[in-house]
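Contents: one structure, followed by commentary.
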Amino acid sequence: MKRKIMSLTFFILMLSFSIGGTFLLGFVMNEQKDKLENQALLVAKTVSQLPELKTYISNNNDFNEATQHINPVVEEIRDINGAQYIVVLDMQRRKYSHPNTKEIGQVSQSADLNAAFAEHYYTSVAHGEHGDMVRAFVPVMSNEGKQIGVVVVGYSVLTVAELLQSIQTELIITILVSLLFSAWGAHTLGLHMKKQMFGLEPHEIAKMYVERTETFNAMHEGIIAIDNKLTITIFNEKACEILDVHKQPSTLIGKKIFDVLPDTRLPEILELDQPIFNRELYINGHSIMSNRIPIQVNGKTVGAVAMFKDRTEVKKLAEELTGVKAFVQALRVQTHEHKNKLHTIAGLLQLGHHEQALSYLTQVKEEHDEITNFLNERIKNENISGLLLSKISYAKEQGIRLEIDRESRLTIFPKNLDHHDFVILFGNLIENAFDALRDVQMDEKIIHVSVDEDEDVLAILVTDNGIGMSDEVKAHIFDNGYSTKEKKGRGIGLYLINEIVQKGQGEVEVISEPNKGTSFLITFYHT
């Protein structure tokens, strides 16, 4: 590969030098013509002012005598100035001088002379058998200001071959130096490219690129990567699917991330220069769970990559993982509760208290029907209703009275939130209250839950009369992993609550005093 790169580079460099040399040669040829035109015109003007011309042409002297005086003087000037020829003509177009003596006395039939016989000064380029010829035409004026003839001066223009031959030494040196530097440049560039491509052949790099692209597209996670100029370098098919970007991933490569996803949070990783894991985001109208990581090469951040899943899928997986535990707990509570009730009924029947047993059954049924009907009518989501019902049963088993305000109502969710968020919200708030009451010794342990909803506001209040919190503890309760308990895995619930409140653009207020209890008030505003 290195040899191919060097050969290609050498060819490109030599082609560049050739093109540049061609333009330079053309420029030199034009400069040569301009110089010869000026020189020819100057010589022609000088000859036209010779006294011999004014004396022997204007006085109508003998032609042979005139040529004997004019031609030697003109030829001497031609030799000195290196002209190809200098021709002096009278108004009858007879030649008084010429390098070829046979031409003296001949009449010129050239049409190029017409303007000169009308007192015009000019130059022209004639194309002949022996190459180009630059000619200057100057009228000869008598002392009285009357035109008496014309002077024509011709210079031969060097051909390309003649010009190259004239600079043969300089040209050879230039070519050798160019070849030397071209070879050195090709060698250096080849080594650099070889290093940049980690010693891989071009077809190997192409194969790796195709394999990488197909690998990213086969992943079940969305992947987006940008460089430090916010240009997209990776955008797989799953990312397009999750975020509803209706374009081919290949067409997005090279575009600015803000042109594709205006509300993306990926560029902030370049500013923070540190990873953010398991963060729930709302992008392009979709809720996702993302991990965002800076890309570092040799200790320098050169970009950022985001790997994310549709939050709905993540929630389903979480519910599948945690749902079994919740169902087991709910079934255990209900089994224990029904077992106690059955023992009570069995005892009453054995004692012959049939009416009391029937009354007890009726009471139990009425209590169950009352709370079930209330939840079905006021809480318009079966997931949340089921959660609250299981928490009531569990509270009874723990000797805690869980009260739900009978004026509570929940029919719609705030913007960006759904029932998954509210299951987490209610579940963690009530569990937090259970923890506050677990080690408290008191006659009556109470948790109160209230949901107040109207057109503008949704307010959730959860209070308990547990151990409460100090100001120091209250300042850190929403930090990820912070807990007053030593048990691992705690300190996440309130952090998740705070995340949900921020996503729903709500507010959370905590009121707590040690040994007096705690109240959590969460408010969402419908917009």
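Quick note: the sequence shown uses the working numbering, first residue 2, plus one each step. The C-beta atom is built at its ideal place from N, Cα and C for all residues, glycine as well.
Same chain, Cβ closer than 8 Å to residue i, five either side skipped, listed in chain order
{"i": "G106", "result": "F64, T68, R95 and K96"}
{"i": "I258", "result": "I225, I227, L231, T232, I233, T265, L267 and P268"}
{"i": "L244", "result": "G223, L262, I284, N285, H287 and I289"}
{"i": "L42", "result": "Y122, T124, A137, V139 and V154"}
{"i": "K208", "result": "none"}
7 Å Cβ shell around residue i - same chain, five flanking residues per side excluded
{"i": "V424", "result": "N384, I385 and L388"}
{"i": "E454", "result": "R410, L411 and T412"}
{"i": "S109", "result": "L90, R94 and K96"}
{"i": "G428", "result": "L388"}
{"i": "V88", "result": "K96, S98, H99 and V153"}
{"i": "S59", "result": "S143 and I149"}
{"i": "K489", "result": "Interpretation of K489 is limited by its pLDDT of 44, a score under 50 that renders its predicted location unreliable; the figure taken from the coordinates is listed afterwards. The answer is none, since no qualifying residue turns up."}
{"i": "Q516", "result": "The question names Gln, but residue 516 is Asn in the sequence shown. Excluding sequence neighbours, N516 sits near I468 and G469."}
{"i": "V561", "result": "Here the chain has residues from 2 to 528 only, and residue 561 is not among them."}
{"i": "L51", "result": "V74"}
{"i": "L253", "result": "I233, F236 and V261"}
Enclosing beta strand (DSSP E) for residue i [first to last residue]
{"i": "P295", "result": "H287 to V298"}
{"i": "D133", "result": "G132 to M142"}
{"i": "V509", "result": "E508 to E514"}
{"i": "K301", "result": "K301 to D311"}
{"i": "I401", "result": "I401 to I405"}
{"i": "S157", "result": "Q148 to S157"}
{"i": "S520", "result": "G518 to Y526"}
{"i": "E281", "result": "I277 to I284"}
{"i": "T234", "result": "I233 to F236"}
{"i": "G494", "result": "Here G494 belongs to no beta strand (DSSP E); instead the alpha helix (DSSP H) covers G494 to K504."}
{"i": "Y395", "result": "First-last for Y395: E383 to E398, but that is the alpha helix (DSSP H), not the beta strand (DSSP E)."}
{"i": "L90", "result": "Y86 to D91"}
{"i": "A226", "result": "G223 to D228"}
Any C-beta of chain C under 8 Å from that of residue i
{"i": "L403", "result": "The chain labelled as chain C is not found in the depicted structure, where only one protein chain is given."}
When the options are compared against residue i, the one with the closest alpha-carbon
{"i": "A305", "options": "Q399, L231 and S451", "result": "L231"}
{"i": "G400", "options": "D436, K381, N417 and D472", "result": "D436"}
{"i": "I393", "options": "T189, D440, L376 and N382", "result": "L376"}
{"i": "V141", "options": "L180, P515, L114 and V135", "result": "L114"}
{"i": "N31", "options": "Q249, V74 and V126", "result": "V126"}
{"i": "V298", "options": "N229, K55, A119 and F182", "result": "N229"}
{"i": "K310", "options": "I296, S291 and T302", "result": "S291"}
{"i": "V303", "options": "D133, A137, D274 and K196", "result": "D274"}
{"i": "N417", "options": "I498, E272, L438 and G505", "result": "G505"}
{"i": "L159", "options": "L51, H188 and Q33", "result": "Q33"}
{"i": "F525", "options": "M470, S471, E514 and D422", "result": "D422"}
{"i": "H221", "options": "K55, E238 and I447", "result": "E238"}
{"i": "M134", "options": "D35, F414, I431 and G494", "result": "D35"}
{"i": "E281", "options": "T124, N499, E38 and A45", "result": "N499"}
{"i": "V44", "options": "H121, R402, L438 and Y156", "result": "Y156"}
{"i": "F236", "options": "V246, P250 and E242", "result": "P250"}
{"i": "M92", "options": "I380, A116, H70 and K103", "result": "A116"}
{"i": "N82", "options": "S111, L54 and T47", "result": "T47"}
{"i": "F278", "options": "A307, F28 and A219", "result": "A307"}
{"i": "N382", "options": "S471, R439 and F414", "result": "F414"}
{"i": "D419", "options": "A434, I501 and N374", "result": "I501"}
{"i": "I270", "options": "I296, T373 and K248", "result": "I296"}
{"i": "M40", "options": "R79, T216 and Y57", "result": "In the sequence on display, residue 40 carries Gln and not Met. Considering only alpha carbons, the answer is R79."}
{"i": "E104", "options": "T170, A119, F118 and Y86", "result": "Y86"}
Limits of the unbroken alpha helix (DSSP H) element including residue i
{"i": "T72", "result": "Rather than Thr, the amino acid found at residue 72 in this sequence is Asn. Start and end: F64 to N82."}
{"i": "D260", "result": "I258 to V261"}
{"i": "Y57", "result": "P52 to S59"}
{"i": "I270", "result": "P268 to L273"}
{"i": "L253", "result": "P250 to L253"}
Close Cβ partners of residue i (< 6 Å) along its chain, the five nearest in sequence each way excluded
{"i": "S49", "result": "V139, V141 and V152"}
{"i": "K147", "result": "none"}
{"i": "A396", "result": "L403"}
{"i": "D406", "result": "S451"}
{"i": "K536", "result": "Since the first residue of the chain shown is 2 and the last is 528, residue 536 is not available in this structure."}
{"i": "L322", "result": "Low confidence applies to L322: its pLDDT is 44, below 50, so where it sits in the model is not reliable enough to give any reading."}
{"i": "V509", "result": "V502 and I523"}
{"i": "E145", "result": "none"}
{"i": "I461", "result": "V452 and I523"}
(message) For the structure I just gave you, are there three or more beta carbon pairs, one from the segment 516-525 and one from the segment 454-466, closer than 8 Å?
(response) Below 8 Å, enough C-beta pairs join the segment 516-525 and the segment 454-466 to call them touching: three or more.
(request) Evaluate contact between the segment 440-459 and the segment 471-478, counting only Cβ atoms and requiring at least three cross-stretch pairs below 8 Å. (result) Result no; under three Cβ-Cβ pairs closer than 8 Å.
(request) Counting only runs of 3+ residues fully inside the segment 430-492, write out the beta strand (DSSP E) ranges in chain order. (result) 446-454 and 458-465
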